[in-house]
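Asker: Numbering (mature numbering (1 follows the signal peptide of the UniProt record, and there is no 0)), first residue to last: -16 to -1, 1 to 137.
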C-alpha cells in the first residue's frame, strides 16, 4: 500500500510541467505549479495563472518593473515605472515600462527603428549605442540590445 502511494506521488511530480515565461503555470488544480526560469514566479490574474517576472520586494515597492506592464484597459497593477524608464502605450490593453532614450536623437531600446508599419519615419534618429536596428521584415525593424542579438545568432 505504501509503495503505491509513493508511486502515485512520484507520477504526479514527473508529469507536472513548469510554465514557460509568460505562459500558463497552473491548470486550476490544487497542485502548485512552477515556472522554468528562476527569474519568474507563478501569479494569479483575472485570466488565470501565468509565469510573471519575479521582481523581488524592492522592485515591487517601486511599482512596475522595467519591461513590465504599467497600464492598459482592465489593468489593475502598479503603474509607476522605475527611474530611467517611462510607461509607453503598446496597444489599448497593454502599456509597458520601457527604457528612455539616452539622447533626443536616439530611439529607446525596443522602439521601432525602421520598416513601413505605422507609416514609420525615423526623422534622423538611430538606436542607442548599446542596441542595433534589427530587421524583422520589410515592415518592422526594432532596436534590440546587442547582447540579445549576438547571444542568439
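Glycine is no exception: its CB is placed at the ideal position from the N, C-alpha and C atoms.
Contact check, residue 6 vs residue 35 under 8 Å by CB: the rounded distance?
Answerer: About 6 Å; that satisfies the 8 Å criterion.
Asker: If you reduce the DSSP assignment to three classes, tell me which class residue 131 lands in.
Answerer: In this structure, residue 131 counts as helix in the three-state DSSP scheme.
Asker: Please confirm whether residue 53 and residue 33 have their CB atoms less than 8 Å apart.
Answerer: Against a cut-off of 8 Å, the Cβ pair of residue 33 and residue 53 comes out as no contact.
Asker: At the 8 Å Cβ level, is residue 80 part of the contact set with chain B, yes or no?
Answerer: The chain inventory of the structure shown lacks chain B, comprising one protein chain alone.
Asker: When you compare the stretch 86 to 94 with the stretch 55 to 67, are there three or more beta-carbon pairs, one atom per stretch, that lie closer than 8 Å?
Answerer: Result no; under three Cβ-Cβ pairs closer than 8 Å.
Asker: Is residue 81 closer than 8 Å to residue 61 when the C-beta atoms are compared?
Answerer: Not in contact: residue 61 and residue 81 (Cβ atoms no closer than 8 Å).
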